[in-house]
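Colleague:
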Amino acid sequence: MPEYVTDNTTLESLVSLAKRRGFIFQSSEIYGGLGSVWDYGPVGVELKRNIKELWWKSFVRDREDIVGMDASILMHPSVWEASGHLDNFSDPLVQCGSCDRRFRETNVKDKTCPECGGTLGDSRQFNLMFKTFMGPLENTSSVVYMRPETAQAMFVNFDNVQTTSRKKIPFGIAQIGKSFRNEITPGNFTYRTREFEQMEMEFFCEPETDEKWYKYWTEFSRNWFTSHGIRESKIRIRKHTKKELPHYSKASSDIEFNFPWGWGELETISNRSDFDLISHSKKSGRDLSYFDPDKNKRYTPYVVEPAMGADRSALAFLSDAYDEEGTGKQKRTVLRFHPDIAPFQVAVLPLSRNDSLVPTARSIYKSLITKFNTQYDDSQSIGRRYRRQDEIGTPLCVTIDFDTIQKDNSVTIRDRDDMGQIRVDKEKIVEAINDRITRLKKSYNPK
Ligand SMILES: [Zn+2]
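Numbering (our numbering), first residue to last: 779 to 1225.
Okay, here's the thing in structure tokens:
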């Protein structure tokens, strides 16, 4: 693992870097922005895509016992009655009689509205689901909700997926997709937002084996973060107290990351028992139990759910990778990403835009883009371009100079973490890059 110089990343420095380098922009910025809504730019989308693809690989493609699906955001309103979201997914809020603004009861001191000075009403439960209307009529019969979690689609499709995939219990269904919650107090950059992307897996197992699987998936999830570069010291597991447990859960644990403002949830592993399948069986009239052919018995499976936030994970990887070294003109900001997480693995940099360098640089770039996520950059001085690649966390830069053309047919490979440089024969670049990336990956994962 690369050595870090600083360990006190501030949220301001992350937000500033994210904007400066094209990771994350505020939504609709030219119109003054939309509060707590964010857009991923050309570098950020690569980061988030890497995270989602690595998750999908670990949770679906590398395993025989998990299959994927991709459900719609809009679902039948009965889903949210059966799941308990219509009755229970709410916050106690007080509403101002004059300006209609709502506040968390704990955030106001007395009955006075902090915005307009009006009088606040009594505390009421306000549902956090986004509501909209489906079809040409805007009335109560056409209300639909934007899903507040992806999980329910896996429960209502349990029978469809099980019979078509012919999986036997225990097996899981995984999904990556957007969810929406009308949070009253979003904040901390992309940490708490009203629109967010989830990576959820519902693992269906025999009752009585649920506690074993709950432990298994908690450990598996924790290792997923550390094996992709999150430092052990920045991550911890926190068990929920009985009071914190949501209505469907028998036990839950958070995997927490030490963000610039303190520990915060990255992922929750929940033992949802048979709550969801039983509720949907009752509400829909469709039997969602399972016949176990090996044991010759019928039962409703228990569910263990690792639910991860893709945006929170991206923020955690960004925050953990952030490092600053040196002072004054020598000061350098560098993102020490694991090579699989880094938006780009390689940058190809001709020393200048000199005509004699460009054809060789272009042909090297073309030979690398099919093997690595590679950026070509020929603007500004070479020093500034190295700094730019450091700030987006590119592990390796390949530089083409006049010696490449006139003398030795070799290029420079420059290392992000220690800025060390080696000369490599042009014909052996791919081999040399693979070798260095393999070594860098191993350094994060010595086990
Ligand atoms: Zn008011």
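Note that the Cβ used here is the ideal one computed from N, Cα and C, for glycine as well. Source: prediction; values computed, not measured.
With a CB to CB cut of under 8 angstroms and the five nearest residues on each side skipped, what residues in its chain are close to C877?
Modeller: One-based indexing of the sequence shown puts residue 877 at position 99. Excluding positions up to five away in sequence, the list reads C891, E893, C894, G896.
Colleague: Among all the DSSP beta bridges, which residues are the ones paired with N1001?
Modeller: As a first step, residue 1001 is located in the sequence shown; it is residue number 223 there, counting from the start. Bridge partners of N1001: none, in fact.
Colleague: Report the rounded CA-to-CA distance for E1022 versus G913, giving the unit in angstroms.
Modeller: As a position in the sequence shown, residue 1022 is number 244, starting the count at 1. As a position in the sequence shown, residue 913 is number 135, starting the count at 1. Going by the C-alpha atoms only, they are around 38 angstroms apart.
Colleague: Evaluate R1114 with the Cβ neighbour count: other Cβ atoms within 10 Å of its Cβ, from every protein chain shown; 16 or more gives buried, anything less gives exposed.
Modeller: Along the sequence shown, one-based indexing puts residue 1114 at 336. With 16 or more other Cβ atoms within 10 Å, it is buried.
Colleague: Tell me whether R880 counts as near ligand 1, meaning its Cβ is closer than 7 angstroms to at least one heavy atom of that ligand.
Modeller: Residue 880 sits at position 102 when you count from the first residue of the sequence shown. No - ligand 1 has no heavy atom lying nearer than 7 angstroms to the Cβ of R880.
Colleague: Is E859 closer than 8 angstroms to K1061 when the C-beta atoms are compared?
Modeller: The residue labelled residue 1061 in the question sits at position 283 within the sequence shown. The residue labelled residue 859 in the question sits at position 81 within the sequence shown. Closer than 8 angstroms, so yes.
Colleague: Would you list the residues sitting across from A952 in a DSSP beta bridge?
Modeller: One-based indexing of the sequence shown puts residue 952 at position 174. A952 pairs with G846, M979.
Colleague: Leaving out the 5 sequence neighbours to the left and right, which residues in its chain are closer than 7 angstroms to S868 when beta-carbon positions are compared?
Modeller: Residue 868 sits at position 90 when you count from the first residue of the sequence shown. Result list for S868: Q903, F904, N905, L906, in chain order.
Colleague: Given this structure, state the Cα-to-Cα distance separating L852 from A1092, to the nearest angstrom.
Modeller: Walking along the sequence shown from the start, residue 852 turns up at place 74. Walking along the sequence shown from the start, residue 1092 turns up at place 314. Cα to Cα, the separation comes out at about 26 angstroms.
Colleague: Between L1146 and V1124, is the Cβ-Cβ spacing less than 8 angstroms?
Modeller: Taking the first residue of the sequence shown as position 1, residue 1146 is located at position 368. Taking the first residue of the sequence shown as position 1, residue 1124 is located at position 346. The answer is yes: Cβ separation under 8 angstroms.
Colleague: May I ask whether a heavy atom of ligand 1 can be found less than 7 angstroms away from the beta carbon of G896?
Modeller: As a working mapping, residue 896 is identified with position 118 in the sequence shown. Yes, ligand 1 has a heavy atom inside 7 angstroms of this Cβ.
Colleague: Quick one: using the 10 Å Cβ neighbour count with 16 as the cut-off for buried, is G1063 buried or exposed?
Modeller: For the purposes of this step, residue 1063 is taken as residue 285 along the sequence shown, with counting starting at 1. Counting Cβ neighbours within 10 Å, G1063 comes out exposed, since fewer than 16 surround it.
Colleague: The beta strand (DSSP E) with P1084 in it runs from where to where?
Modeller: On the sequence shown, residue 1084 is found 306 positions in, with the first residue counted as 1. Residues 1080–1087.
Colleague: Below 8 angstroms between beta carbons: does that hold for I954 and K830?
Modeller: Here residue 954 refers to the residue found at position 176 when the sequence shown is read from its first residue. Here residue 830 refers to the residue found at position 52 when the sequence shown is read from its first residue. Contact: yes.
Colleague: Report the option in K1075, S1059, W833 whose CA atom is closest to the CA atom of G1087.
Modeller: Along the sequence shown, one-based indexing puts residue 1087 at 309. With distances taken between Cα atoms, G1087 lies closest to W833.
Colleague: If we ignore side chains and look at the alpha-carbon of each, how far apart do V821 and S901 end up?
Modeller: Taking the sequence shown and counting its residues from 1, the one referred to as residue 821 is at position 43. Taking the sequence shown and counting its residues from 1, the one referred to as residue 901 is at position 123. V821 and S901: Cα-Cα distance of roughly 44 angstroms.
Colleague: Short check: CB of I1047 to CB of W995, under 8 angstroms?
Modeller: If you number the sequence shown from 1, residue 1047 lands on position 269. If you number the sequence shown from 1, residue 995 lands on position 217. Contact: yes.
Colleague: Can the beta-carbon of R1165 be found closer than 8 angstroms to that of D1155?
Modeller: On the sequence shown, residue 1165 is found 387 positions in, with the first residue counted as 1. On the sequence shown, residue 1155 is found 377 positions in, with the first residue counted as 1. No, the pair does not count as a contact, with Cβ atoms beyond the cut-off.
Colleague: From I727 to S836, what distance separates their C-alpha atoms?
Modeller: Given a span of 779 to 1225 for the chain in the structure shown, any question on residue 727 remains unanswerable.
Colleague: Verify the contact flag: C1175, CB atom, against every heavy atom of ligand 1, threshold strictly below 7 angstroms.
Modeller: Within the sequence shown, numbered from 1, the residue matching residue 1175 stands at position 397. No - ligand 1 has no heavy atom lying nearer than 7 angstroms to the Cβ of C1175.
Colleague: Can you give the Cα-Cα distance for K887 and Y1080, rounded to whole angstroms?
Modeller: As a position in the sequence shown, residue 887 is number 109, starting the count at 1. As a position in the sequence shown, residue 1080 is number 302, starting the count at 1. Each residue's Cα considered, the two are about 43 angstroms apart.
Colleague: Taking the alpha carbon of S957 as the reference point, which residue from Q1153, T963, D937, Y923 has its own alpha carbon closest?
Modeller: Counting from one through the sequence shown, the residue named residue 957 turns up at place 179. Comparing Cα-Cα distances from S957 to each of Q1153, T963, D937, Y923, the minimum goes to Y923.
Colleague: In whole angstroms, give me the CA-to-CA distance for E989 and R1050.
Modeller: In the sequence shown, counting from the first residue as 1, residue 989 sits at position 211. In the sequence shown, counting from the first residue as 1, residue 1050 sits at position 272. About 11 angstroms.
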